[in-house]
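Trainee:
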Amino acid sequence: MLTEAEIREFRERGYLVLRGRFREQAGVLREALQEMLDAPGGAVHYGRRFGPSGLAASHRFGGLMRSIPAFADYARDPDVLGIVTELLGPAEPFRDVVLSKPARSGGKLAGHQDLAYWDVGHDRVLTTWLAMTPALEASGALWLIPGSHGRREVHRTVLGGRRLPLAFTRMLRLLVSLTGTGDSPRNSGQRRWARLKEGVLEGITRRWPSLAGLGDLQVAGDTPASAAPVLVVAEPGDMVLFHGLTVHGSNANRLDSRRDAYLVTYVAQG
Amino acid sequence: MTRALSTPAFGATTLATEPSCCPLCGPDALHRAVASGPDFEYRTSGDHEWAIHQCLVCDTLYLNPRPTEAALAVIYPSNYYAFSFSQTKSLAYRAKGYVDRLSVRKYLALYPGEGLVCDIGAGDGRLVDLLAHSGALAPNSVYGIEPSLAAATAAQQRGIDVRHATMEGFDWQPDSHGLLVLQQVIEHVSDPAACLRLAARALRPGGCLVLETPNGGGFDARLFHRRHWGGYHIPRHFFLFNPTSLCRLGEQAGLSVVRVDALPSPNFWIQSMHHYGSERGGVGASLLMRLFRPHPPRVLPLALFTCIDLVTAALFNTTSNMRVVLRKEPGRC
Numbered sequence: 014m015l016t017e018a019e020i021r022e023f024r025e026r027g028y029l030v031l032r033g034r035f036r037e038q039a040g041v042l043r044e045a046l047q048e049m050l051d052a053p054g055g056a057v058h059y060g061r062r063f064g065p066s067g068l069a070a071s072h073r074f075g076g077l078m079r080s081i082p083a084f085a086d087y088a089r090d091p092d093v094l095g096i097v098t099e100l101l102g103p104a105e106p107f108r109d110v111v112l113s114k115p116a117r118s119g120g121k122l123a124g125h126q127d128l129a130y131w132d133v134g135h136d137r138v139l140t141t142w143l144a145m146t147p148a149l150e151a152s153g154a155l156w157l158i159p160g161s162h163g164r165r166e167v168h169r170t171v172l173g174g175r176r177l178p179l180a181f182t183r184m185l186r187l188l189v190s191l192t193g194t195g196d197s198p199r200n201s202g203q204r205r206w207a208r209l210k211e212g213v214l215e216g217i218t219r220r221w222p223s224l225a226g227l228g229d230l231q232v233a234g235d236t237p238a239s240a241a242p243v244l245v246v247a248e249p250g251d252m253v254l255f256h257g258l259t260v261h262g263s264n265a266n267r268l269d270s271r272r273d274a275y276l277v278t279y280v281a282q283g
Numbered sequence: 027m028t029r030a031l032s033t034p035a036f037g038a039t040t041l042a043t044e045p046s047c048c049p050l051c052g053p054d055a056l057h058r059a060v061a062s063g064p065d066f067e068y069r070t071s072g073d074h075e076w077a078i079h080q081c082l083v084c085d086t087l088y089l090n091p092r093p094t095e096a097a098l099a100v101i102y103p104s105n106y107y108a109f110s111f112s113q114t115k116s117l118a119y120r121a122k123g124y125v126d127r128l129s130v131r132k133y134l135a136l137y138p139g140e141g142l143v144c145d146i147g148a149g150d151g152r153l154v155d156l157l158a159h160s161g162a163l164a165p166n167s168v169y170g171i172e173p174s175l176a177a178a179t180a181a182q183q184r185g186i187d188v189r190h191a192t193m194e195g196f197d198w199q200p201d202s203h204g205l206l207v208l209q210q211v212i213e214h215v216s217d218p219a220a221c222l223r224l225a226a227r228a229l230r231p232g233g234c235l236v237l238e239t240p241n242g243g244g245f246d247a248r249l250f251h252r253r254h255w256g257g258y259h260i261p262r263h264f265f266l267f268n269p270t271s272l273c274r275l276g277e278q279a280g281l282s283v284v285r286v287d288a289l290p291s292p293n294f295w296i297q298s299m300h301h302y303g304s305e306r307g308g309v310g311a312s313l314l315m316r317l318f319r320p321h322p323p324r325v326l327p328l329a330l331f332t333c334i335d336l337v338t339a340a341l342f343n344t345t346s347n348m349r350v351v352l353r354k355e356p357g358r359c
């Protein structure tokens, strides 16, 4: 359960860091992920992007809570749901994904608001980001902009440092929406589109790594000077809860161990 | 950590195994099981199912777990095809001899004019013999090393300088070699990164290392990837690279990439068809196994799959066999 101060902090800053509360769960999820990979023919959605070295820069395993009991148990863990309910009211898990940044070649993720990706219809959305491995400044730590959850930002697709026209971004956004949340397809139709999307993006980034941002959105406007990003260095079991409109991103991984985080997004009911 | 297989292998012998990982990305990299199968060719481990893992960072494939060094004498039986290549008189192997002579010309073009030439994993000395009689190299500058005592002895009896040694155990003199050849070898060793570092140390500045090895990203590798691909050569191929992962591994050893070429690999097609047939059952299966027998292969399928690979190499620069040339640049290593 949260204290009054923690609830106030989340409302003011748009995020909250809980240290060491889910250490045991992080270990269980790490093992469950490798078990899934050791069993041929895994049923989850998988995608990856390649970086300039020709090696993978990120891995995404989506829809785990619908197919792997350990992830389902975590997403509906009474402690987790209790905390989410205190911040959001009654809520349901909506999308989940493990984001893994490989050692040395893990890429950075540009600043964005999660709600730029989804058509939820309201703003009562939050994501729980659980560190499964250490996330240090040089190994893909998460950063967030305090207070940025007050308004919707314009997002653009950026390729090779150049912002593409807004119409192009909207077209890509429409294509991505065919896959549901993009990384947690729910039905066979979405799964087909998601597989196609991942196949295309993997192939494109393998051949032209500079196009790695094709599937990503990033905040187009300049952020106010008062809202400097705050880096959250995390140990396994640390959890960051952030609002669907909180601008956030993550650093590249330049260290010798991979960085894994499990994200579950909750949407308020009613 | 080693453990014995649950299935007795090769009569009463058991094979000790040990865990493996990606030589480029290490044990921390995400990996998944992508294939499994028995030793289709020699049945050295009975019906035991070996697992092939794929590193999800660089796509290198590797046998995991793999036999330990102590098990090598079992998984390379005395009738292993590479130990008696030169005694084989079939037309297919004579054709292979012609291809080897073409390869020798390419290798010699990379020779910087000075230094020793060594064929690592020389088998019965076929390539050493061709290099030594090319007329382009100084007498006594060409030799080979081979871990199989029987194969090395057979070569020596034919007057070919093949020494009984492993790459890791050989006494490499720094900056002594102008050309090192690892033809279908790097996939067999237990520590490819260490081998490349040794090669980098043994090369003189300007010297070249030629690696020929299966490409786990080739067309037939994808077609038969779940089980029957001949390139798996279960359980003797410990690592199957792709051009990117092998080049990165070479760069890690301090070498620079000169070129990468796709090579025809009809034998992998033939073995894949044979392995598929061996588990299919029925009349078609025995026909497949007869037509696509691996050792020695028949000329017709060899010619057919060579044509297919030549076309895919020309169109896409990808087959399931590759040649990577690495150079030790002056002032490095």
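These protein sequences, in sequence, are chains W and B. Per our numbering, the very first residue in the first sequence carries number 14; after that it's consecutive. Per our numbering, the very first residue in the second sequence carries number 27; after that it's consecutive. Positions of the beta carbon are idealized from the N, C-alpha and C atoms, including for glycine.
Could you work out which residues of chain W lie near A247/B, taking near to mean beta carbons separated by less than 9 angstroms?
Mentor: In chain order: nothing, as chain W lies at least about 16 angstroms away.
Trainee: Do you know offhand how far L214/W's Cα is from M49/W's?
Mentor: 23 angstroms
Trainee: Let me check one thing: in DSSP terms, what residues is K114/W bridge-paired to?
Mentor: BP columns for K114/W point to R272/W.
Trainee: Does Y130/W pass the burial test, meaning 16 or more other C-beta atoms within 10 Å, or should it be called exposed?
Mentor: buried
Trainee: In chain order, which beta strand (DSSP E) runs of at least 3 residues are fully inside the stretch 25-108 of chain W?
Mentor: DSSP assignment within the stretch 25-108 of chain W yields the following whole beta strand (DSSP E) runs of 3 residues or more, N-terminal first: 28-31, 58-63, 69-75.
Trainee: What are the residues of the stretch 21-53 of chain W that lie near chain B, defined by any Cβ-Cβ distance shorter than 9 angstroms?
Mentor: L46, Q47, M49, L50, D51, A52, P53
Trainee: Given this structure, state the Cα-to-Cα distance separating T192/B from L156/B, to the nearest angstrom.
Mentor: 21 angstroms
Trainee: Quick check: the Cα distance between G119/W and G153/W, rounded to an integer number of angstroms?
Mentor: If you take the alpha carbons of G119/W and G153/W, they lie about 7 angstroms apart.
Trainee: By a C-beta neighbour count over all protein chains shown, 10 Å radius and 16 as the cutoff for buried, is R62/W buried or exposed?
Mentor: buried
Trainee: In chain W, which residues lie with their C-beta within 7 angstroms of the C-beta of H254/B?
Mentor: Neighbours of H254/B on chain W: none; closest Cβ ~15 angstroms, over 7 angstroms.
Trainee: Using the Cβ count rule (16 or more neighbours within 10 Å means buried), how would you classify Q199/B?
Mentor: exposed
Trainee: Going by CA-CA distance only, name the one from T70/B, G52/B, A59/B, R58/B that's closest to L41/B.
Mentor: Of the listed residues, the one whose Cα sits closest to L41/B is T70/B.
Trainee: Mark W221/W as exposed unless 16 or more other C-beta atoms lie within 10 angstroms of its C-beta, in which case mark it buried.
Mentor: exposed
Trainee: So, is the C-beta of T270/B closer than 7 angstroms to a C-beta in chain W?
Mentor: Chain W, which has a Cβ nearer than 7 angstroms to the Cβ of T270/B, makes this yes.
Trainee: Whose Cβ in chain W lies nearer than 7 angstroms to the Cβ of H74/B?
Mentor: Residues of chain W passing the Cβ test: none, with the nearest at roughly 17 angstroms.
Trainee: Between L153/W and chain B, is the shortest Cβ-Cβ distance under 7 angstroms, so that the two count as touching?
Mentor: For the record, residue 153/W in the displayed sequence is Gly; it is not Leu. Not closer than 7 angstroms to any Cβ of chain B, the Cβ of G153/W fails to qualify, so no.
Trainee: What does A281/W pair with, by DSSP beta-bridge criteria?
Mentor: A104/W
Trainee: What does a CB cutoff of less than 8 angstroms around A30/B pick up in its chain, not counting 5 residues either side in sequence?
Mentor: Residue placement at A30/B is flagged as unreliable, the pLDDT there being 42, under the threshold of 50; the coordinate-derived value follows with that caveat. The answer, listed in chain order, is T40, L41, A42, T43.
Trainee: Quick one, which residues of the stretch 212-231 of chain W are near chain B if we go by CB-CB under 9 angstroms, in chain order?
Mentor: The residues in question are R219.
Trainee: If I follow the unbroken alpha helix (DSSP H) through S201/W, where does it start and stop?
Mentor: In this chain, the alpha helix (DSSP H) harbouring S201/W covers 201-220.
Trainee: Just checking my contact of K354/B with L275/B at CB under 8 angstroms: how many whole Å lie between their CB atoms?
Mentor: That belief does not hold up - the Cβ atoms of K354/B and L275/B are roughly 15 angstroms apart, past 8 angstroms.
Trainee: Determine the DSSP secondary structure at V362/B, reduced to helix, strand or coil.
Mentor: Since the first residue of chain B shown is 27 and the last is 359, residue 362/B is not available in this structure.
Trainee: Pull up the distance between the alpha-carbon of T259/W and that of L100/W, whole angstroms please.
Mentor: 14 angstroms
Trainee: Can you tell me where the alpha helix (DSSP H) holding S298/B begins and where it ends?
Mentor: 292-306
Trainee: Looking at the unbroken beta strand (DSSP E) that takes in D287/B, where does it start and where does it end?
Mentor: 282-288
Trainee: Using a C-beta cutoff of 7 angstroms, does R62/W count as contacting chain B?
Mentor: no
Trainee: In whole angstroms, what separates the C-alpha of P53/B from that of D269/W?
Mentor: 10 angstroms
Trainee: Comparing alpha-carbon positions, which option in D335/B, V215/B, L289/B, G141/B lies nearest P88/B?
Mentor: Here residue 88/B is Tyr; the residue named in the question, Pro, does not match the sequence. The shortest C-alpha separation from Y88/B is found at V215/B.
Trainee: Which residue marks the beginning of the alpha helix (DSSP H) containing C273/B, and which one marks its end?
Mentor: Looking at the DSSP string, the run of the alpha helix (DSSP H) that includes C273/B is 269-278.
Trainee: Hey, V253/W and F107/W: beta-carbon distance below 7 angstroms or not?
Mentor: A distance of 7 angstroms or more separates the beta carbons of V253/W and F107/W.
Trainee: Please check the pair V188/B and I146/B, which I expect to be a contact at CB under 8 angstroms, by giving their CB distance rounded to whole angstroms.
Mentor: Contact flag wrong, Cβ pair sits at about 11 angstroms.
Trainee: Quick one: grab the DSSP three-state call for E238/B.
Mentor: strand
Trainee: I need the DSSP call for L229/B, collapsed to helix, strand or coil.
Mentor: strand
Trainee: Express the C-alpha separation of L224/W and I171/B in angstroms, rounding to a whole number.
Mentor: 46 angstroms
Trainee: In terms of alpha-carbon separation, which member of F74/W, V138/W, R175/W, G27/W lies closest to Q231/W?
Mentor: R175/W
Trainee: Return the chain-ordered ranges of every alpha helix (DSSP H) run that is complete within the stretch 144-168 of chain B and spans a minimum of 4 residues.
Mentor: 152-158
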